[in-house]
Each structure stands twice: as structure tokens, then as C-alpha cells.
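Participant: Can you read through this structure? Questions will come right after.
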Amino acid sequence: MIWQIELVLLVMVTVCGISALAVKDLLSAAILFGAYSFMMCLLWAIMGAVDVAFTEASVGAGVTTVLFVAAVFRTTRRTEN
Amino acid sequence: MRGMGIIVILFLGTLLIYCSFDFPIWGDPQSPAGSHVSSYYIEHTLEDTSVPNIVTSVLADYRGYDTMFETVVIFTAGISCILLLRTFKPIEPQTKLYRHISTGITLRIERGGKVPENTKEFERIDAGWIPYDLIVKTTCRLIIPFVQIFALYVIAHGHHSPGGGFQGGVIFGASVILFAISFDLRTAIRRMGERLAGFLCALGVFIYAGTGALCMFYDANYLDYSALSHILGVDPVSARSHGILVVEIGVAIAVMAVMVVLYYNLASAGKQDEGL
Numbered sequence: 001m002i003w004q005i006e007l008v009l010l011v012m013v014t015v016c017g018i019s020a021l022a023v024k025d026l027l028s029a030a031i032l033f034g035a036y037s038f039m040m041c042l043l044w045a046i047m048g049a050v051d052v053a054f055t056e057a058s059v060g061a062g063v064t065t066v067l068f069v070a071a072v073f074r075t076t077r078r079t080e081n
Numbered sequence: 001m002r003g004m005g006i007i008v009i010l011f012l013g014t015l016l017i018y019c020s021f022d023f024p025i026w027g028d029p030q031s032p033a034g035s036h037v038s039s040y041y042i043e044h045t046l047e048d049t050s051v052p053n054i055v056t057s058v059l060a061d062y063r064g065y066d067t068m069f070e071t072v073v074i075f076t077a078g079i080s081c082i083l084l085l086r087t088f089k090p091i092e093p094q095t096k097l098y099r100h101i102s103t104g105i106t107l108r109i110e111r112g113g114k115v116p117e118n119t120k121e122f123e124r125i126d127a128g129w130i131p132y133d134l135i136v137k138t139t140c141r142l143i144i145p146f147v148q149i150f151a152l153y154v155i156a157h158g159h160h161s162p163g164g165g166f167q168g169g170v171i172f173g174a175s176v177i178l179f180a181i182s183f184d185l186r187t188a189i190r191r192m193g194e195r196l197a198g199f200l201c202a203l204g205v206f207i208y209a210g211t212g213a214l215c216m217f218y219d220a221n222y223l224d225y226s227a228l229s230h231i232l233g234v235d236p237v238s239a240r241s242h243g244i245l246v247v248e249i250g251v252a253i254a255v256m257a258v259m260v261v262l263y264y265n266l267a268s269a270g271k272q273d274e275g276l
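Residue numbers (this note's numbering), protein chains in the order written: chain A, 1 to 81; chain B, 1 to 276.
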């Protein structure tokens, strides 16, 4: 497709993934993971795998983020490492 | 130790990237994955199953076993979440908060105190969630029906457009979760209880596996939906299309119920009383 958009999305996927691992705040990590899923969803859509993109958007970016937030709400918000 | 970990990760990552150069080019028709069964699916899907969306027919018909056991995996996830998190002994919380609805005054009642149960004047509120959010509640009340109708559309329209049981079920479950977030967990549990959710988890898997078993009664293979033509009164090709719809509904029910069960147990730490 348009390689500039793909490049930007790929860079953002990498940045979101690494920063989700690096941040100490688990709520931020959950939100960054949702952003990561959404970027992956756009990448799937660009590659023509629309069904996978739909699944990624609903499961990865939607419900998983809510479940992570619920888990963070019930445990601690900070991580040691 | 940390340095060792980084070295190992860098080594494995480099190995992975190095190996990915041996992959066929994206979309290459000569690749091993694309040269055997893919061409059959692309050429024969419409005449075999009369489903325009090839992904749906591969997912629910040609590779029906895969999807059935994926549904079983999701069912197992829901069951194991209940087994791990649910506390079956009711634990009375230390304090309970009640709001007087007409004045907005909040009462804080210690354990053992007299609680205003079953009155129209007081409503119980969560200890961690005090604000009275009228705008959020009203907006969600308006949005939820449309989310649910969209979920049903996604399930029913999986034959023609992207979507299907998994996506539609997740969206439907998300609408229940949205209800639980915007009101509170107890209201959601009163509407869709734990027993109902658990029953629906099993019912979805049962619909899928039962459709497969029904085919065996008509001398066909397990999950060969063309045998359903005897029941539905249509030709075998349309019967495969209808069979796909039935199993998609089963998948959707199971996925929806599991998402709700996961949220109830995670948000309330298994107590199913006060939650997010």
C-alpha cells in the first residue's frame, strides 16, 4: 500500500511495545498495550486481513484493555521492575 | 543477571529477524502456504458453501474443528478464571456506603451496623467510586442498545463482511462490561447474573458441538453441515451456509458470556460485590 503509512505504524508499534514494557505505572502499561493493539489492527487492515484486524480491534484494543484496567484496579498500580 | 537477559533477548531477536529473511514474500502465490489448499478455498468456496466471505467459510466450515476447540479454549479460560478468583464464602466488607438519593447525603456504616436494605430512598455505592455521574450513566444508557445491535449485525453478517461469532460476541460482552462500568457491578450482576453467564458459556460450546453431532445422525461426518439439509429443507450448499450461521451464534454466546465472567471476577477480585 502506501509505504510511508506502514513505516509510521511500524515505528509506533515498536515504540508502544517497548514503552509498555518499560513504564513503571501498570495503568499506563495497559493503555499503551491498547494503543499497540490498535496500531497492529491498522497494520492488519493495510495487509488486507480485515477479519484479523476486526478481531484485534475488538479483543486486543477493546476488552483486553478493560480487563487489564480491572486487574490493575484490584492489585497495585506500581511495579518493582 | 539483567545483563545476561538483555544479551539473550538480543541474540534471539537477531536470530528471529535473520530467519524471517527466508520467509516467502508477503502475498506470494508460489509460497508453500498459498499453493496447496488456498487455491482450492478461493476457487470453490462460493459453490461449496455459498458464502462470499472466504475467511468465514474456512473458519467455520473447512476448518470447523479448529474453531470448535478455540471455543473450548475460551470456555476453559472462563471456567479457570472462576476457579482461581471466585470466593464462594461471602465476606462482609468492613464498611458499606449508602447514598440518600433525594439529598445526596452519603452514609458510612461500619460492619455490624443497621443497613437500609430494600428501600427506595437509599442506594448502595462502592467505597472506591463515590461520584454521582449522571452524564456518564445517561450516555451509556443511550449507547448500549446501539452497541448490542451492532454486535448482532456483526454476528449475522459474518457471511458477507468481516466479522463473525468471535468479534460479535466480544462486542456484545463489551456492552455488558460498559453497563457494569457506567452503573456499578451489582446492578450489572442483577441484570445478568453469574449463573446465567456460566450457563451461557456452556450453552455456546454445546450449540457448536451439538450442531456437529447432529450431522452425524444423518450419516455425515462430524461438522459436515450439508447433512442439515434434511432438517432445514434446503439444498446441501445452502445448508452449509446456514450451519455456519448456527455455529457462529454458538461461538458468539460462549465468547460473550466468558468476557462477562472474566470482567465480573477480575473487577471484584472474585467477591462479585464491589467492583470497578
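Positions of the beta carbon are idealized from the N, C-alpha and C atoms, including for glycine.
Can you tell me where the alpha helix (DSSP H) holding residue 15 of chain B begins and where it ends?
Facilitator: By one-based count along the second sequence, residue 15 of chain B stands at place 15. Residues 2–20.
Participant: Among all the DSSP beta bridges, which residues are the ones paired with residue 106 of chain B?
Facilitator: In the second sequence, counting from the first residue as 1, residue 106 of chain B sits at position 106. Bridge partners of residue 106 of chain B: B:99.
Participant: Below 8 Å CB to CB, which residues in the same chain sit around residue 75 of chain B once its five sequence neighbours on both sides are set aside?
Facilitator: To locate residue 75 of chain B, count along the second sequence from 1; it is residue 75. Result list for residue 75 of chain B: 201, 202, 204, 205, 254 and 258, in chain order.
Participant: Taking Cβ-Cβ distances below 9 Å as the criterion, which residues of the stretch 31–58 of chain A are in contact with chain B?
Facilitator: Look at the stretch 31–58 of chain A: the residues with a C-beta under 9 Å from a C-beta of chain B are 47, 48, 49, 50, 51, 52, 53, 54, 55, 57 and 58.
Participant: Beta carbons nearer than 8 Å to chain A: which residues of the stretch 156–172 of chain B have them?
Facilitator: 162, 163, 164, 166, 167, 170 and 171
Participant: Does residue 172 of chain B pass the burial test, meaning 16 or more other C-beta atoms within 10 Å, or should it be called exposed?
Facilitator: Stepping through the second sequence from its first residue, residue 172 of chain B is reached at position 172. Flag for residue 172 of chain B reads buried.
Participant: Entirely within the stretch 105–174 of chain B and at least 4 residues each: give me those alpha helix (DSSP H) ranges in chain order.
Facilitator: 134–156
Participant: State the DSSP-derived secondary structure class of residue 240 of chain B, mapped to helix, strand or coil.
Facilitator: Counting from 1 along the second sequence, the entry for residue 240 of chain B is found at position 240. In the structure shown, residue 240 of chain B sits in a helix (DSSP, three-state: H, G or I).
Participant: For the alpha helix (DSSP H) holding residue 43 of chain A, just list the boundary residues, first then last.
Facilitator: As a position in the first sequence, residue 43 of chain A is number 43, starting the count at 1. 26–46 is the extent of the alpha helix (DSSP H) around residue 43 of chain A.
Participant: When the Cα atoms are used, what is the spatial distance from residue 183 of chain B to residue 263 of chain B?
Facilitator: Taking the second sequence and counting its residues from 1, the one referred to as residue 183 of chain B is at position 183. Taking the second sequence and counting its residues from 1, the one referred to as residue 263 of chain B is at position 263. One C-alpha to the other measures close to 14 Å.
Participant: Contact criterion: CB-CB distance below 7 Å. Does residue 216 of chain B meet it with respect to chain A?
Facilitator: Numbered from 1 along the second sequence, position 216 holds the residue referred to as residue 216 of chain B. No, because no Cβ of chain A sits closer than 7 Å to the Cβ of residue 216 of chain B.
Participant: Identify the contact partners of residue 262 of chain B in chain A, using a Cβ-Cβ distance below 9 Å as the criterion.
Facilitator: The residue labelled residue 262 of chain B in the question sits at position 262 within the second sequence. In chain order: 63, 67 and 70.
Participant: Residue 78 of chain A by DSSP, collapsed to three states: which one?
Facilitator: If you number the first sequence from 1, residue 78 of chain A lands on position 78. Residue 78 of chain A falls in the strand class under three-state DSSP.
Participant: Based on Cα-Cα distance, which residue from B:101, B:178 and B:125 lies nearest to residue 256 of chain B?
Facilitator: Taking the second sequence and counting its residues from 1, one reaches residue 256 of chain B at position 256. The shortest Cα separation from residue 256 of chain B among B:101, B:178 and B:125 belongs to B:178.
Participant: Work out the CA separation of residue 52 of chain B and residue 154 of chain B for me, nearest whole Å.
Facilitator: Taking the second sequence and counting its residues from 1, the one referred to as residue 154 of chain B is at position 154. Taking the second sequence and counting its residues from 1, the one referred to as residue 52 of chain B is at position 52. Straight across, the Cα-Cα distance linking residue 154 of chain B with residue 52 of chain B is about 15 Å.
Participant: Evaluate residue 109 of chain A with the Cβ neighbour count: other Cβ atoms within 10 Å of its Cβ, from every protein chain shown; 16 or more gives buried, anything less gives exposed.
Facilitator: Because residue 109 of chain A is not part of the residues shown, which for chain A are 1 to 81, the question remains open.
Participant: Measuring straight from C-alpha to C-alpha, what distance separates residue 54 of chain B and residue 41 of chain B?
Facilitator: Counting from one through the second sequence, the residue named residue 54 of chain B turns up at place 54. Counting from one through the second sequence, the residue named residue 41 of chain B turns up at place 41. Rounded to whole angstroms, residue 54 of chain B to residue 41 of chain B spans 7 Å at the Cα level.
Participant: Relative to the alpha-carbon of residue 81 of chain B, which residue among A:73, A:67 and A:51 has its alpha-carbon at the smallest distance?
Facilitator: For this step, residue 81 of chain B is matched to residue 81 along the second sequence. Cα-wise, what sits closest to residue 81 of chain B is A:67.
Participant: What are the boundary residues of the alpha helix (DSSP H) that residue 4 of chain A is part of?
Facilitator: The count along the first sequence starts at 1 and reaches residue 4 of chain A at position 4. In this chain, the alpha helix (DSSP H) harbouring residue 4 of chain A covers 3–22.
Participant: Just to make sure I have the definition right: I need the residues of chain A whose C-beta is within less than 8 Å of the C-beta of residue 12 of chain B. Which are they?
Facilitator: As a position in the second sequence, residue 12 of chain B is number 12, starting the count at 1. Within chain A, no residue comes near residue 12 of chain B; the closest Cβ sits about 15 Å away, beyond 8 Å.
Participant: How is residue 92 of chain B classed by DSSP in three states: helix, strand or coil?
Facilitator: Here residue 92 of chain B refers to the residue found at position 92 of the second sequence. Note: residue 92 of chain B maps to coil in three-state DSSP.
Participant: Closer than 7 Å, CB to CB, is residue 77 of chain A near chain B or not?
Facilitator: Residue 77 of chain A sits at position 77 when you count from the first residue of the first sequence. Answer no: the Cβ-Cβ gap between residue 77 of chain A and chain B never drops below 7 Å.
Participant: Any idea what DSSP makes of residue 268 of chain B, helix, strand or coil?
Facilitator: In the second sequence, counting from the first residue as 1, residue 268 of chain B sits at position 268. Coil.
Participant: I'd like to check one pair, residue 16 of chain A with residue 111 of chain A: are the Cβ atoms closer than 7 Å?
Facilitator: Residue 111 of chain A lies beyond the range of chain A shown here (1 to 81); nothing can be said about it.
Participant: May I have the straight-line CA-CA distance separating residue 48 of chain B from residue 48 of chain A, to the nearest angstrom?
Facilitator: Here the question's residue 48 of chain B lines up with position 48 in the second sequence. Here the question's residue 48 of chain A lines up with position 48 in the first sequence. If I take the Cα positions, the gap works out to 24 Å.
Participant: Beta-carbon within less than 7 Å of residue 248 of chain B's beta-carbon, same chain only, minus the 5 sequence neighbours each way: which residues are those?
Facilitator: The sequence position of residue 248 of chain B within the second sequence is 248, counting from 1. Once the five neighbours on either side are set aside, the close Cβ partners of residue 248 of chain B are 60, 155, 158, 164 and 165.
Participant: Flag this pair as yes or no: are the beta carbons of residue 86 of chain B and residue 270 of chain B separated by less than 7 Å?
Facilitator: In the second sequence, the residue the question calls residue 86 of chain B occupies position 86. In the second sequence, the residue the question calls residue 270 of chain B occupies position 270. Cβ distance < 7 Å, so residue 86 of chain B and residue 270 of chain B count as in contact.
Participant: What does the alpha-carbon distance come out to for the pair residue 84 of chain B and residue 77 of chain B?
Facilitator: For the purposes of this step, residue 84 of chain B is taken as residue 84 along the second sequence, with counting starting at 1. For the purposes of this step, residue 77 of chain B is taken as residue 77 along the second sequence, with counting starting at 1. Cα-Cα distance, rounded: 10 Å.
Participant: For chain A, is any of its Cβ atoms less than 7 Å away from the one on residue 177 of chain B?
Facilitator: Along the second sequence, read from residue 1 onward, the residue named residue 177 of chain B stands at position 177. Residue 177 of chain B counts as touching chain A.
Participant: Please report the distance separating the alpha-carbon of residue 43 of chain A from that of residue 6 of chain A.
Facilitator: Here residue 43 of chain A is taken as the residue at index 43 of the first sequence, counted from 1. Here residue 6 of chain A is taken as the residue at index 6 of the first sequence, counted from 1. Straight-line Cα distance between these residues: approximately 7 Å.
Participant: Check whether the Cβ atoms of residue 52 of chain A and residue 170 of chain B sit closer than 7 Å, and answer yes or no.
Facilitator: On the first sequence, position 52 is the one that residue 52 of chain A refers to. On the second sequence, position 170 is the one that residue 170 of chain B refers to. No, the pair does not count as a contact, with Cβ atoms beyond the cut-off.
Participant: So, does the stretch 94–110 of chain B touch the stretch 118–126 of chain B, judging by three or more C-beta pairs under 8 Å?
Facilitator: These segments touch.
Participant: With a threshold of 7 Å between beta-carbons, can residue 259 of chain B be considered close to chain A, or not?
Facilitator: By one-based count along the second sequence, residue 259 of chain B stands at place 259. So, interface residue.
Participant: Quick check on this structure: which residue in B:168, B:142 and B:138 has the alpha carbon closest to the alpha carbon of residue 150 of chain B?
Facilitator: Here residue 150 of chain B refers to the residue found at position 150 of the second sequence. It is B:168 whose Cα lies nearest to the Cα of residue 150 of chain B.
Participant: I want to verify the contact list: residues of chain A whose CB lies under 9 Å from the CB of residue 276 of chain B, in sequence order.
Facilitator: In the second sequence, the residue the question calls residue 276 of chain B occupies position 276. Result: 66, 69, 70, 73 and 74.
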